[in-house]
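Q:
In UniProt numbering, the protein residues as written are 1 to 109.
#1: Over what stretch of residues does the beta strand (DSSP E) that includes residue 64 continue unbroken?
#2: Any idea if residue 88 is buried or exposed, counting beta-carbon neighbours within 10 angstroms, 16 or more meaning buried?
#3: Going by the CB atoms, is the gap between residue 61 and residue 101 shorter than 8 Å?
#4: How is residue 78 classed by DSSP in three states: helix, strand or coil?
#5: Please state whether DSSP places residue 55 in a helix, a strand or coil.
#6: How close, in whole Å, do the beta carbons of residue 72 and residue 104 come, if the pair is a contact with beta carbons under 8 Å?
#7: Please state whether DSSP places residue 86 in a helix, a strand or coil.
#8: Taking just the CA atoms, how far does residue 49 sit from residue 84?
#9: From 35, 94 and 34, pick the residue whose C-alpha is nearest to that of residue 69; which is it?
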């Protein structure tokens, strides 16, 4: 009997345990079913989920006020994103579509 035939005939049984998974919800709302096999890696260890989601951190940034009608955003240098230009003629906040940085035209120009 070859090795592959032996594996093919192998039957795996899963024993029910008293362990209840502690599966915190991620920023995408992902939470596995309690019988999901991927939870096995978290037995006797907690699942580490960073509570500082990027969308919350970007929301805490203060808008950059400027007197110019057009501003550019490149994400902060070599590791940033492509340079884009934002038109600030309309009132209110204008956000960069890559990094979320907001810009606002000051009224005293």
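For each residue, glycine too, the CB sits at the ideal point set by N, CA and C.
A: Once the coordinates are examined:
#1: As a position in the chain shown, residue 64 is number 64, starting the count at 1. Element bounds for residue 64: 64 to 66.
#2: Along the chain shown, read from residue 1 onward, the residue named residue 88 stands at position 88. Buried: at least 16 other Cβ atoms inside 10 Å.
#3: Sequence index remark: in the chain shown, residue 101 carries index 101 (1-based). Sequence index remark: in the chain shown, residue 61 carries index 61 (1-based). Closer than 8 Å, so yes.
#4: Start at 1 with the first residue of the chain shown, and residue 78 comes out as number 78. Here residue 78 sits in coil by DSSP.
#5: Residue numbering aside, residue 55 sits at position 55 when the chain shown is read from its first letter. Helix at residue 55.
#6: Reading the chain shown from its first residue, position 72 is the one you call residue 72. Reading the chain shown from its first residue, position 104 is the one you call residue 104. Actually they do not touch by this definition, with Cβ atoms about 15 Å apart.
#7: Position 86 of the chain shown holds residue 86. Residue state, collapsed to three classes: strand.
#8: Sequence index remark: in the chain shown, residue 84 carries index 84 (1-based). Sequence index remark: in the chain shown, residue 49 carries index 49 (1-based). Roughly 32 Å between the two C-alpha positions.
#9: What you label residue 69 is simply residue 69 of the chain shown in a count that begins at 1. Considering only alpha carbons, the answer is 94.
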